[in-house]
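One line per chain: the protein sequences are L and H, in this order.
Just so you know, numbering that gives the first Met the number 0 puts 242 at position 243 of the first sequence, and the rest follows in order with no gaps.
Just so you know, numbering that gives the first Met the number 0 puts 10 at position 11 of the second sequence, and the rest follows in order with no gaps.
Glycine is no exception: its CB is placed at the ideal position from the N, C-alpha and C atoms.
Only one structure is covered here, and it is reproduced in the block below.
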Amino acid sequence: MRKRTKNEYLTLTLLLGILILNFTLRTFPSLENPIPYGDVDAAAHTILVNKIIENSGLIEKEPEYIPIVASPEDFKYIHSPLYHSGIAALVLASSLDIRIIIGLITTFGVVSLFVLSKYIFKKNWISLLVCFFQAINIREIYSIFWGQWGVVIGLSFIPFAIYLLLRAIDSKFNRKIIIASAFVAGIIYLIHPLTFFFYLACSFGILILKFKKINFKKKWREILIFTCILSVMLLIYIPGKKWGTSYSRKISLNDTFSIIFFLAPSPNPGETLYHSKLGYNMWYVYDINMIFGIPLLIFSAIGFLFSLILAIKKKIKKKEKNLLLPMLFITMFFLFSYAVIFTTSSFWVTRGLPFLATLLALLSGVGCLIISRIKGFSKYVKIISLIIITYYIFSVSNIFQSAFPRLNEYEISALNWIKKNTQENSTFIFLEISGNQILLNKMKNIWMPVFSERKFFFPKVENGEISLENYDFFGKKVNITHIMVTRAPNLKTQMKNFELIYSNEYVDVLRRLK
Amino acid sequence: MIALIFSIISGYLIQKFIFNEKERLMQILLSIPFGISYLYGIALILTYIKLLNTVSITLFSAVPLVIYLIKYKKSLNFINSNP
Chain L
0 MRKRTKNEYL TLTLLLGILI LNFTLRTFPS LENPIPYGDV DAAAHTILVN
50 KIIENSGLIE KEPEYIPIVA SPEDFKYIHS PLYHSGIAAL VLASSLDIRI
100 IIGLITTFGV VSLFVLSKYI FKKNWISLLV CFFQAINIRE IYSIFWGQWG
150 VVIGLSFIPF AIYLLLRAID SKFNRKIIIA SAFVAGIIYL IHPLTFFFYL
200 ACSFGILILK FKKINFKKKW REILIFTCIL SVMLLIYIPG KKWGTSYSRK
250 ISLNDTFSII FFLAPSPNPG ETLYHSKLGY NMWYVYDINM IFGIPLLIFS
300 AIGFLFSLIL AIKKKIKKKE KNLLLPMLFI TMFFLFSYAV IFTTSSFWVT
350 RGLPFLATLL ALLSGVGCLI ISRIKGFSKY VKIISLIIIT YYIFSVSNIF
400 QSAFPRLNEY EISALNWIKK NTQENSTFIF LEISGNQILL NKMKNIWMPV
450 FSERKFFFPK VENGEISLEN YDFFGKKVNI THIMVTRAPN LKTQMKNFEL
500 IYSNEYVDVL RRLK
Chain H
0 MIALIFSIIS GYLIQKFIFN EKERLMQILL SIPFGISYLY GIALILTYIK
50 LLNTVSITLF SAVPLVIYLI KYKKSLNFIN SNP
């Protein structure tokens, strides 16, 4: 009994270490500096969370100053409600920053993954290894750093939802578990419909394995309860028409193959000129080694091979049946994803790649279990695990070199002034001057609307002069009414049609004369 | 922060109500996903009725705890009344 408690304490301590690693890897830029950072998606999500908090609930229309979607006149709320309101609730409940909250949610995802792994493998050390692989899921880390994607947040709920579904089937459809299971599945959908798609793929895998165990005739009431609860939650939010048409990015057949084999091209060459730092460049790269790492792939391959052999066998031990689950999840993941890619050429499904890494981590658990069963090899399994963990820690430490371009405090105070002292329909460009050159600082432009609540457009230079006409996301012509510029006296003398309305040590704000 | 702690305690009580897990480690671990999911449920309701603020989240997150305490008090009274 005492030994058992000791083991529990050791497992809990190691798990705590993994959770801290997971949390640190996803939040260290915000722990160092509280000023937000990220790409356009991150800024847009921050605006929506802030608006929900300000509004004490759902907003009916997205603010017009959201970057990339500026000036939509009849633009309805297209985002799934629970992604933003869930984070808003956690921000209100904990008084922590949005980025820290996202780190916390993914850490909760690791706890769920431990619970699911324990259910499948029945061994603590394998579950810990699976959780470690998840903690260093680089693809997820970069998605959080630069995009704060709703898909990634929803993915943290999937292991828990799968666990509940498995427990519901094992308990012969206990009604309490069925209700909880349907509720969590609904939450996943309301966070992001695409995440629900991956949950559906996994559920299908479970259905294949446990089909004989489910007595559909006797348990129709419980199945009906599950369906009803889920249907009600699905009906709460139906994505708008625009979601599926004008906003769905299409990909070419060439890109489709690249994505399938994780060899998609490196980021837009134009963008790399402005963001030559490691972190941003990794944002859209689908590189097999960067995403998963060779040791994880080797373990997964062993796990896959064993699962295949197990599946071919006629009689499988009851205890070992669950070991087929990771292979089924991955097979369904690919089948569902390819079905979407080939039928719709949609770009969105590639956002599930962080989840593929999670599934591979589960499959690697099967590989570890098999290796530990080999006679004479079992003694060294824990040592090998330690070597692999050290290897990964060294390779992951690279991300600490990532650069996170942010606004400075002078720019933020100017933006706060703009928010209080300019009209809501004012339009801005931001000019950052270095010598005689105008820098296109995409990162700063993206975050300016978050603080100022005004539309900011990228500066355009035509025939050596700054154009004061611009185009919004919908191709509509927009006249720039204000300019925010870093202090550059030569440039300001050229701007005769503008008057200075605000100035601090770093930036000036100019307004166009009528 | 109080609301977050209440949610995790609620998660612990919900998992106890649903699973009655024997292993202590699993009891502790399951309370986290249950607690966060419960908080998301609260967020969903409060978002639609436009009452998403710190006070209402704190109050709602404590509901399972209050129900448990009322039940616990009742059972305690029952024990006391039986000499």
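The beta carbon of Ile65 of chain L sits no closer than 8 Å to any beta carbon of chain H.
Rounded to whole angstroms, the separation of the alpha carbons of Ala43 of chain L and Gly204 of chain L is 35 Å.
Taking a contact as a CB-CB distance under 8 Å, the pair Ser126 of chain L and Lys117 of chain L counts as one, their CB atoms being some 5 Å apart. Residues of chain L whose Cβ lies closer than 7 Å to the Cβ of Ile66 of chain H do not exist; the shortest such Cβ separation is about 15 Å.
Taking 3 residues as the minimum length, the beta strand (DSSP E) runs contained wholly in the stretch 396-456 of chain L are 426-433, 436-438, 454-456, in order along the chain. Ranked by Cα distance from Ser180 of chain L, the first of L:Ala360, L:Leu229, L:Ser29 is L:Leu229.
Residues of the stretch 74-100 of chain L with a C-beta atom less than 8 Å from some C-beta of chain H are Pro80, Leu81, Ser84, Gly85, Ala87, Ala88, Leu89, Leu91, Ala92, Ser93, Ser94, listed in chain order. Looking only at L:Phe132, L:Asn420, L:Phe303, the smallest Cα-Cα distance to Leu295 of chain L is reached by L:Phe132. Neighbours of Ala2 of chain H in chain L, taken as residues whose beta carbon is under 8 Å from its own, are Leu91, Ala92, Ser93 in chain order.
With respect to chain H, the C-beta atom of Ser230 of chain L has no partner C-beta closer than 8 Å. In this structure, L:Phe159 is the residue among L:Leu103, L:Glu63, L:Leu11, L:Phe159 with its C-alpha nearest to the C-alpha of Gln14 of chain H. The C-beta of Leu20 of chain L comes no closer than 8 Å to any C-beta of chain H. For Lys50 of chain L, no beta strand (DSSP E) run applies; the uninterrupted alpha helix (DSSP H) run containing it begins and ends at 39-54, by DSSP. Note on Phe215 of chain L: under 16 other CB atoms within 10 angstroms of its CB, so exposed under the neighbour-count rule.
Taking 8 Å as the cut-off, the beta carbon of Phe298 of chain L is found closer than this to the beta carbon of Cys367 of chain L.
C-alpha of Phe197 of chain L to C-alpha of Tyr8 of chain L: approximately 34 Å in a straight line. Counting along the chain, no beta strand (DSSP E) covers Tyr198 of chain L; the unbroken alpha helix (DSSP H) around it starts and ends at 192-209. Every alpha helix (DSSP H) of 4 residues or more that sits fully in the stretch 315-371 of chain L is shown, in chain order, as 324-343. Annotation: Phe303 of chain L is outside any beta strand (DSSP E); the continuous alpha helix (DSSP H) that includes it extends over 293-311. Sixteen is the threshold: since fewer than 16 other Cβ atoms of the shown chains lie within 10 Å of the Cβ of Phe210 of chain L, the residue is exposed.
Setting aside the 5 residues that flank it on each side, Arg405 of chain L is surrounded in the same chain by Asn32, Ile34, Tyr36, each with a C-beta closer than 7 Å to its C-beta; the list follows chain order. For Asp507 of chain L, the beta-bridge partners assigned by DSSP are L:Val484, L:Ser502.
Among the residues of chain L, those whose CB is under 7 Å from the CB of Ile41 of chain H are Ala88, following chain order. Straight through space, the alpha carbons of Thr106 of chain L and Ala41 of chain L are spaced by roughly 19 Å. Taken atom to atom, the span from the alpha-carbon of Arg350 of chain L to that of Val150 of chain L is near 7 Å.
The beta carbon of Asn496 of chain L is closer than 7 Å to those of Arg511, Leu512 in its chain, skipping five residues each way along the sequence. Contact of Val114 of chain L with chain H is assigned, a C-beta pair being separated by under 8 Å.
Put simply, of L:Asp507, L:Ile437, L:Phe429, L:Asn136 the residue whose alpha carbon is nearest the alpha carbon of Phe22 of chain L is L:Asn136.
In terms of beta-carbon proximity, Pro32 of chain H lines the interface with chain L, with at least one pair separated by less than 8 Å. The C-beta distance from Tyr505 of chain L to Asn420 of chain L rounds to 18 Å, too long to fall under 8 Å, and the pair is not in contact.
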